[in-house]
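The structure under discussion appears below in the form of C-alpha cells.
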Amino acid sequence: MLDEIDKKLIEMLTTDGRRSLSEMGKKLGLSHVAIKKRLDKLCTKNIIKIVPAINFSQLKLKAVMILAEVRTSGDIDNIFKKYSSCPRMVLLSTAMGRFNLIAIMVGENDSTIESILTVCSFRREKGIMKSEIHLINSISIPKFIPIKIIAEKRGTIAPCGMDCSNCKRYLQGLCLACPATEVYRGIL
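Here it is, written out as C-alpha cells:
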C-alpha cells in the first residue's frame, strides 16, 4: 500500500508538516508536481490527513485518560456518536482487555478537568459499568497533538448536549465551559 517514496514523504511531513513540495521533491528526486500527486493520493485514500497539531506544554494544557468497561458494542457506538464532535476529546478508542474503551481528554486547568470527570463525563453514559481515571503529567511523545480548535463559537449547548450556561460549576467559575460554546472562557 505504501511504497518507499510514500514512507519517506510521510516521514518528512512528520518532522515538519510545513515543508514545501519543492523541498520534498528535491530530497526524493521528484518534481513538486509528483509530490503533490502523491500527497493528494494519500489524502484521498484516507491514509494521511494534514492537520495542525498543538504543543500541550506551550499552552499549559492538562490531559486525563479514562479507561472504561462498557457493556455492549451498541453502547460504545452511542458514546462514539455523542462525543465525535467534542473539542476536548483527543482520543476515543476501543481496546481489548478488562477496559474496552479508552478516552484522552484535555482541559485548561485542574478545575476544568474535574468538571470533565464529574459533570460532563461520559463515565455517566449508559452502558458504562466501571471506569478508571489517570491524570497525565505531561505528554512527551508526540510533543504535538491534534486538538479541535473551534473559532466560531455557537450557543450554550455543547456538542455532547450539556448546557454550559446553566451548569453549576460554570456559574461558580469552576469550569471554563465547552470550547465549542459562546460562553467559553478559555484559551482554546
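The numbers in the sequence shown follow our numbering, run straight up by one, and end at 292.
Each residue gets a CB set at the ideal place from its N, CA and C atoms; glycine is no exception.
Only a predicted model underlies this, so the values are computations on that prediction, with no experimental measurement involved.
Judged by DSSP secondary structure, LEU163 falls within the alpha helix (DSSP H) whose first and last residues are 160 to 163. Contact check for ILE183 against VAL210 fails: the beta carbons are separated by 8 angstroms or more. Taking 8 angstroms as the cut-off, the beta carbon of ILE170 is found no closer than this to the beta carbon of ILE249. Scanning its chain for C-beta atoms nearer than 8 angstroms, with the 5 sequence neighbours on each side dropped, one finds around GLY259 the residues THR285 and GLU286, in chain order. If the five residues before and after LYS257 are omitted, its C-beta is found closer than 7 angstroms to the C-beta atoms of ALA284, THR285, GLU286 and TYR288, all from its own chain and listed in chain order. For PHE203, the three-state secondary structure derived from DSSP is coil. Taking one beta carbon from each stretch, the region 270 to 279 and the region 196 to 204 have fewer than 3 pairs nearer than 8 angstroms; the two do not touch. Taking a contact as a CB-CB distance under 8 angstroms, the pair LEU113 and ILE151 does not count as one, their CB atoms being some 11 angstroms apart.
Cα atoms of ASN204 and LEU163: separation of roughly 31 angstroms, rounded to the nearest angstrom. Per DSSP, the continuous beta strand (DSSP E) segment holding MET233 begins and ends at 232 to 240. When LEU165, LEU134, ASP107 and ASP179 are compared, the shortest CA-CA separation from LEU146 is found for ASP107. Beta-bridge analysis with DSSP links ASP267 to ILE261. In this structure, MET193 lies away from CYS224, with their beta-carbon atoms at least 8 angstroms apart.
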